[in-house]
Amino acid sequence: MDSIKLKLIAGAVVVESRLTKPAKIQLLNWLQKEATDIQVKSFLLDQKIININPQAEKIINDRFNGLPLNEEFVLAAIIIAGAVTAGYKAYQYYASQAAKACQGSKNKTLCMVEYKIKGEKARIEKLASEMKKCQNTKNPVSCRNQVQVQINKSKARIEKLQSKRIKKL
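All residue numbers for the sequence shown refer to the UniProt record's numbering, where the first residue is 1 and numbers rise by one.
Below, the structure written as structure tokens:
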């Protein structure tokens, strides 16, 4: 597998991780600018950045070659990461709009909740539209399921926000 595909897979792993945004940015920069192919393989295997000697390189290559990574996996990872990123950007747009619109509001909390609900709905719409790209993968059901998990999380956040809104009324 060539270097670009390795880094794309590793980038998708980083984007999907539970790391903080600054940590993700730092890891993505490392992947893009400094990481060698063997370091990327090691990161994919163990989610750790380590120094690699020639003996470790052989072990890592043997372990990595035993994995079922292929181009279809790369495509699915890119689609899923793209869908999640697009949904996040849609939500962020509404969050920034809320900060501006609710600044002088009497009931700022209620105003913010309304915008957050709009943002989550926009995120769901974006994820649903991106889910159509899953048809181009080797395992569209798995791809759709992973995107659906993100949609379900947004729906749960909407329910929580709506209950918060009702309490504020």
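Glycine residues also receive a C-beta, built at the ideal position from the N, C-alpha and C atoms.
Model, not experiment: these values are computed from the prediction.
Closer than 6 Å by C-beta to residue i: which residues in its own chain qualify, once you throw out the five before and the five after it? Chain order, please.
i	result
residue 130	83 and 86
residue 81	12 and 15
residue 10	31, 40, 43 and 44
residue 63	45
residue 154	120, 123 and 124
residue 161	113, 116 and 117
Out of the options, which one is the CA nearest neighbour of residue i?
i	options	result
residue 7	22, 144, 39 and 20	39
residue 4	36, 20, 24 and 23	36
residue 97	116, 88, 23 and 34	116
residue 112	101, 121 and 57	101
residue 128	50, 151 and 142	151
So, is residue i buried or exposed, given that buried needs 16 or more other C-beta atoms within 10 angstroms?
i	result
residue 175	Residue 175 cannot be examined here, being either before or after the span of the chain that is shown, 1 to 169.
residue 159	exposed
residue 23	exposed
residue 34	exposed
residue 90	buried
residue 106	exposed
residue 200	Residue 200 falls outside the range modelled here, since the chain spans only 1 to 169, and no answer is possible.
residue 21	exposed
residue 132	exposed
residue 79	buried
Beta-carbon within less than 8 Å of residue i's beta-carbon, same chain only, minus the 5 sequence neighbours each way: which residues are those?
i	result
residue 140	134
residue 19	27
residue 50	39, 42 and 56
Suppose you measure from the CA of residue i to the CA of residue j; what does that come to, to the nearest Å?
i	j	result
residue 122	residue 54	49 Å
residue 48	residue 92	30 Å
residue 30	residue 46	16 Å
residue 43	residue 138	25 Å
residue 195	residue 156	The shown model of the chain, from 1 to 169, leaves out residue 195, and the question about it has no answer.
residue 104	residue 32	42 Å
residue 142	residue 65	23 Å
residue 57	residue 25	26 Å
residue 176	residue 149	Residue 176 is absent from the structure shown; the chain starts at 1 and stops at 169.
residue 163	residue 136	38 Å
Can you list, in chain order, the residues of its chain whose CB lies under 7 Å from that of residue i, leaving out five sequence neighbours each side?
i	result
residue 126	86, 87 and 90
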